[in-house]
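*Asks:* Structure incoming, see below.
Residue numbers (mature numbering (1 follows the signal peptide of the UniProt record, and there is no 0)): -22 to -1, 1 to 164.
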């Protein structure tokens, strides 16, 4: 019993140290407003409909992060902006990596997203998992649950396939079995 508590405390300390040492994400600053030239701005003509091919969609998504002891998941909400479905899932994964609450821990923070594809109800994520991102058995199970719960909030997603460095592996971090693809539970 004491060994389990000791291991949990050590794991929590290591995660907190890793979170403290991690680089802060670069925030996108800027404006979507057109630049003003010559000191005068053109006002849009109300009789001409404005067609914006680069229209950004905004959505609040549920993101699941672990509690400080990495024992259970807690739901948080984050706002994402995207142009298409693939970008929506990429931004959702990025939100899953972003810790907005000091009381919670992102289990995907150190995992590098290589690519995202969406086709016929299946989201395929290709990730690179560095050695320092290995979470142990319970951490790996919680990380998988956080990812699947986060991605399956979208009605159009019926399955999720996770590749590691482009390959369908048996286990994400060497502890829990990984299905290819993971199907939404009814």
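Quick reminder that beta carbons are idealized off the backbone N, C-alpha and C, glycines included.
All of these numbers come straight from a predicted model, not from anything done at the bench.
Keeping to the same chain, check which residues put their C-beta closer than 8 Å to that of residue 55; ignore five residues upstream and five downstream.
*Replies:* Excluding sequence neighbours, residue 55 sits near 38, 39, 40, 41.
*Asks:* Going straight from the alpha carbon of residue 91 to that of residue 74, what length do you get?
*Replies:* Approximately 11 Å between the Cα atoms of the pair.
*Asks:* Nearest by alpha-carbon distance to residue 123: which of 48, 78, 64, 93 is it?
*Replies:* When only C-alpha atoms are compared, the closest one is 48.
*Asks:* Please report the distance separating the alpha-carbon of residue 100 from that of residue 138.
*Replies:* Near 6 Å, if we compare the C-alpha coordinates of residue 138 and residue 100.
*Asks:* Excluding the 5 residues preceding and the 5 following residue 144 in the sequence, name in chain order all residues of the same chain whose CB lies nearer than 7 Å to its CB.
*Replies:* Excluding residues within five positions, the ones whose Cβ falls inside 7 Å are 104.
*Asks:* Looking only at DSSP bridge pairs, what is residue 158 linked to?
*Replies:* None, per the DSSP bridge assignment.
*Asks:* Assign residue 123 to one of three DSSP states: helix, strand, or coil.
*Replies:* Helix at residue 123.
*Asks:* To the nearest whole angstrom, what separates the beta carbons of residue 167 and residue 64, a pair I think is in contact under 8 Å?
*Replies:* With the chain running from -22 to 164 in the structure shown, residue 167 is simply not present.
*Asks:* Using 8 Å as the threshold, is the C-beta distance between residue 43 and residue 50 below it?
*Replies:* Contact: no.
*Asks:* Pull up the DSSP beta-bridge partners for residue 53, would you.
*Replies:* According to DSSP, residue 53 bridges with 42.
*Asks:* Taking buried to mean at least 16 other C-beta atoms within 10 Å of its own C-beta, is residue 126 buried or exposed?
*Replies:* It counts as buried.
*Asks:* Please work out which residues of its chain come closer than 6 Å, Cβ to Cβ, to residue 66, disregarding the five sequence neighbours upstream and downstream, and give them in chain order.
*Replies:* 60, listed in sequence order.
*Asks:* Going by the CB atoms, is the gap between residue 82 and residue 120 shorter than 8 Å?
*Replies:* No. Outside cutoff.
*Asks:* Beta carbon of residue 110, beta carbon of residue 151: below 8 Å?
*Replies:* Taking 8 Å as the Cβ cut-off, residue 110 and residue 151 do not qualify as a contacting pair.
*Asks:* Apply the 10 Å Cβ neighbour rule to residue 34 and answer buried if 16 or more other Cβ atoms are within range, or exposed otherwise.
*Replies:* Exposed.
*Asks:* For residue 146, which three-state DSSP category applies?
*Replies:* DSSP places residue 146 in coil when its eight states are reduced to three.
*Asks:* Given this structure, state the Cα-to-Cα distance separating residue 136 from residue 69, to the nearest angstrom.
*Replies:* About 18 Å.
*Asks:* Is it buried or exposed for residue 128, if we count other Cβ within 10 angstroms and need 16 for buried?
*Replies:* When all chains shown are included, residue 128 counts as buried.
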